[in-house]
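Everything in the sequence shown is counted per UniProt numbering, starting at 1 for the first residue and increasing by one.
Ideal Cβ positions, reconstructed from N, Cα and C, are used throughout, including at glycine.
Treat the numbers as computed from the prediction; the structure is a model and nothing was measured.
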Amino acid sequence: MPHPLAAPLLSGNRRALARAITLSESTRPDHEAQAQALLAEVLPHAGKSVRVGLTGVPGVGKSTFIEALGTWLADAGHRVAVLAVDPSSARTGGSIMGDKTRMPRLTVHEGAFIRPSPSGGTLGGVARRTREAITLCEAAGYDVLLVETVGVGQSETQVAAMTDLFLLLALPNAGDELQGIKRGIMELADLCVVNKADTDPKAATRAQTELTAALKLLTPKGAPWRPRALQASALTGAGIPQVWEAVGSYRQAVDVAAKRRAQTTLWFDDLLREAAWRAFQAGLDTEKLRALRAEVLAGNLTPVQGVQALLSPPPA
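Here it is, written out as structure tokens:
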């Protein structure tokens with residue numbers, strides 16, 4: 001029996017898309033089953049978009065840049081979906097979910113859809129069900145997906161494993177050459193954009209030069225794509241067309257289909273680990289766990305010994 005949200009979703013109904021994403025984010029077992037049935041039904045209609053992941057330090061202007069790029073694309077006839085991940089509080093679990101307030105023009109554009117989601121404690125700068133949301137947006141007919149992470153230090157790189165191109169936003173006067181060649185997020189960036197270039201053009205040019213040099217050092221020989229560093233101003237719109245031109249050049253140089261197959265394998269493995277962890281928790285001997293935790297807290301066992309004792313098979 002067809003899912004009631006499938007037909008309106010495939011017709012591009014934004015309300016149906018929003019409800020479908022909410023369903024996919026639910027942790028209720030019945031909702032999860034419904035969401036998976038819906039995803040299986042619409043999956044043949046997905047996979048035709050350009051997926052761009054965007055990240056950068058807090059204050060770099062991610063939301064403003066996304067609005068500038070998204071509005072430019074929507075005005076050009078693209079259907080743009082923005083998945084903005086908001087950090088959840090480690091204390092209360094709540095999120096502000098205020099990214100749409102920074103995108104007033106894109107929010108009301110008929111060719112755009114913006115969905116803020118809480119990270120919910122998921123590491124890597126994305127939400128637990130961002131991959132499902134990408135599939136649903138594609139099935140709804142959005143041909144450009146912009147995935148905004150929570151804002152990074154050096155390690156929140158999970159978005160690179162679910163998008164075609166990983167775009168790192170940088171600031172003028174944000175660090176020296178050594179900062180630029182640190183491993184981690186920099187070596188995964190396919191494109192670096194020095195945002196807010198209008199605030200200090202000389203510093204922006206210097207940052208672009210330093211990032212270009214760093215990217216050359218971090219790119220393996222023979223790579224099909226040589227990451228680039230560009231300048232842009234989300235405020236004035238300068239550099240936005242050049243950013244999108246670079247995205248197109250990247251997709252021509254890289255085997256995107258092969259990259260997506262590898263990402264699907266990673267997705268499968270992530271879900272397998274999650275399911276295995278749930279099964280393990282369901283089968284735990286709670287009394288044994290409580291006793292071993294008490295031994296560890298009393299200092300009679302190290303945490304490693306406690307875990308090993310919990311996982312050791314019972315004596316024959």
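Check                                                                                                           : Outcome
Whether D143 touches S63 by CB criterion (7 Å)                                                                  : no
Per DSSP, cross-strand counterpart(s) of C192                                                                   : L168, A229
Cross-strand partners of P4 (DSSP beta bridge)                                                                  : None, per the DSSP bridge assignment.
Simplified DSSP state of L211, which is helix, strand or coil                                                   : helix
Nearest-angstrom beta carbon gap, S117 and A140 [assumed within contact, 8 Å]                                   : Their Cβ separation, rounded to whole angstroms, is 16 Å, which puts A140 and S117 out of contact at 8 Å.
Local conformation of L23 per DSSP, three classes                                                               : helix
Short CB-CB distance (under 7 Å) between E295 and chain C                                                       : No chain C appears in this structure, which consists of one protein chain only.
Alpha carbon of L301 to alpha carbon of L284, nearest angstrom                                                  : 19 Å
Residue range of the beta strand (DSSP E) that includes E148                                                    : 144 to 148
Nearest-angstrom Cβ-Cβ length linking M162 and R131, presumed shorter than 8 Å                                  : 5 Å
Other residues of its chain near P8: CB distance less than 7 Å, five sequence neighbours each side excluded     : A16
Simplified DSSP assignment, three categories, for L54                                                           : strand
Stretch-stretch touch, CB-based, cutoff 8 Å, three pairs: the segment 196 to 205 with the segment 229 to 249    : yes
Burial state of R51, where buried means 16 or more other Cβ atoms lie within 10 Å                               : buried
Ranges of the beta strand (DSSP E) found wholly within the segment 212 to 294, counting only runs of at least 3 : 228 to 231
Local Cβ density within 10 Å of T55, reported as buried at 16 or more and exposed below that                    : buried
Rounded C-alpha distance that separates P313 from V307                                                          : 12 Å
Enclosing alpha helix (DSSP H) for S63 [first to last residue]                                                  : 62 to 75
Per DSSP, the bridge partner or partners of residue 317                                                         : No answer is possible for residue 317: it lies beyond the span of the chain, which begins at 1 and ends at 316.
Start and end residues, alpha helix (DSSP H) containing T135                                                    : 130 to 139
Cα-Cα separation, L5 to L38                                                                                     : 8 Å
Whole-Å CB distance - L168 paired with A189, under 8 Å assumed                                                  : 4 Å
Which listed residue (F166, L289, T27) has its alpha carbon closest to that of R228                             : F166
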